[in-house]
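Novice: Before anything else, here's the structure in question.
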């Protein structure tokens with residue numbers, strides 16, 4: 002009697018385990034199907050014009066008579082101001098640094114055979130939203146040379162900077178465009194793999210990048226953003 006009951010009990014347990022195992026196995030299959038996904042990147046780009054220019058103009062004089070150099074640098078500063086004002090820049094858009102004096106003989110490792118003992122420099126900076134005026138004036142710098150103003154245009158520190166501050170205004174549209182582009186790529190992949198595109202599983206928003214369109218037109222900027230999107234695939 003006991004042996005017969007044990008046999009029936011063992012059979013029931015075996016059937017139960019087999020049924021449970023089948024259910025678990027089906028669950029794993031469904032999970033794997035649900036886990037099928039594709040990751041794509043959506044790109045959005047815009048060309049924009051800079052809305053702010055920072056234009057530093059450094060001028061330098063050299064000689065052995067410091068008093069004469071101070072007078073000369075003041076004369077050149079006035080010439081630079083007149084040049085800028087004649088081209089439409091307001092006084093509020095122009096700032097000037099204090100003069101910088103270099104005594105070459107006073108340097109720790111100075112060369113006693115230098116041609117001129119002193120050099121005096123000063124920087125006038127234009128901060129403006131008149132982008133075209135800056136570019137036009139930059140083409141007329143020879144006029145300053147004719148007036149005796151020697152500009153330092155080789156130093157990278159004094160290059161003209163063009164900035165774009167309107168990013169927040171175009172962010173929403175660009176994010177929407179990048180997302181739409183990414184979804185189109187994912188839909189194409191799903192069609193090619195004979196699947197259907199499911200819901201969005203995850204999304205990562207990349208950083209916005211602003212860079213010069215090219216080296217000859219630094220006032221034209223390229224704004225770029227890449228969104229990374231992951232979609233479920235359905236058989």
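In the numbering used here, the protein residues as written are 2 to 236.
Using N, Cα and C, we set each Cβ at its ideal position, and we do this for glycine too.
(1) According to DSSP, is residue 86 part of a helix, a strand, or is it coil?
(2) Look up residue 161 in the DSSP assignment and say whether it is helix, strand or coil.
(3) Report yes if the C-beta distance between residue 52 and residue 130 is below 8 Å; otherwise report no.
(4) Cβ atoms of residue 150 and residue 56: under 8 Å apart, would you say?
(5) Can you tell me the Cα-Cα spacing of residue 223 and residue 50, whole angstroms?
(6) Under the assumption that residue 45 contacts residue 178 (Cβ atoms under 8 Å), give the Cβ distance between them as a whole number of angstroms.
(7) Across the region 61-79 and the region 116-131, are there enough close Cβ pairs to call them in contact, namely three or more that are closer than 8 Å?
(8) For residue 87 and residue 185, what's the separation of their Cα atoms in angstroms?
(9) Given a cut-off of 8 Å on the beta-carbon distance, is the pair residue 142 and residue 152 in contact?
(10) Taking only the alpha-carbon atoms, compute the straight-line gap between residue 73 and residue 207 and give it to the nearest angstrom.
(11) Enumerate in chain order the residues of its own chain whose CB-to-CB distance from residue 226 is below 6 Å, with the five nearest sequence positions on each side excluded.
(12) Please name the residue in 58, 43 and 36 whose C-alpha comes closest to that of residue 157.
(13) Provide the residue(s) that pair with residue 64 in DSSP beta bridges, ordered along the chain.
Specialist: Reading it off the structure:
(1) Along the chain shown, read from residue 1 onward, the residue named residue 86 stands at position 85. Of the three classes helix, strand and coil, the one that applies to residue 86 here is helix, per DSSP.
(2) The sequence position of residue 161 within the chain shown is 160, counting from 1. Of the three classes helix, strand and coil, the one that applies to residue 161 here is coil, per DSSP.
(3) Taking the first residue of the chain shown as 1, we reach residue 52 at position 51. Taking the first residue of the chain shown as 1, we reach residue 130 at position 129. Cβ atoms of residue 52 and residue 130: closer than 8 Å.
(4) Your numbering for residue 56 matches position 55 in the chain shown. Your numbering for residue 150 matches position 149 in the chain shown. Taking 8 Å as the Cβ cut-off, residue 56 and residue 150 do not qualify as a contacting pair.
(5) Along the chain shown, one-based indexing puts residue 223 at 222. Along the chain shown, one-based indexing puts residue 50 at 49. One alpha carbon belongs to residue 223, the other to residue 50, and they sit about 9 Å apart.
(6) Against the chain shown, residue 45 aligns to sequence position 44. Against the chain shown, residue 178 aligns to sequence position 177. Rounded, the Cβ-Cβ distance is 4 Å, consistent with contact.
(7) In the pairwise beta carbon analysis, the region 61-79 is classified as touching the region 116-131: at least three pairs are separated by under 8 Å.
(8) Counting from one through the chain shown, the residue named residue 87 turns up at place 86. Counting from one through the chain shown, the residue named residue 185 turns up at place 184. Each residue's alpha carbon lies about 53 Å from the other.
(9) Stepping through the chain shown from its first residue, residue 142 is reached at position 141. Stepping through the chain shown from its first residue, residue 152 is reached at position 151. Their beta carbons are under 8 Å apart, which means residue 142 touches residue 152 by this criterion.
(10) What you label residue 73 is simply residue 72 of the chain shown in a count that begins at 1. What you label residue 207 is simply residue 206 of the chain shown in a count that begins at 1. Going by the C-alpha atoms only, they are around 52 Å apart.
(11) On the chain shown, residue 226 is found 225 positions in, with the first residue counted as 1. Beyond the five residues adjoining it in sequence on each side, residue 226 comes within less than 6 Å, by CB distance, of 45, 175, 179, 207 and 209 in the same chain, given in chain order.
(12) Position 156 of the chain shown, counted from the start, is the residue given in the question as residue 157. The option with the nearest alpha carbon to residue 157 is 58.
(13) Here the question's residue 64 lines up with position 63 in the chain shown. Answer is 119.
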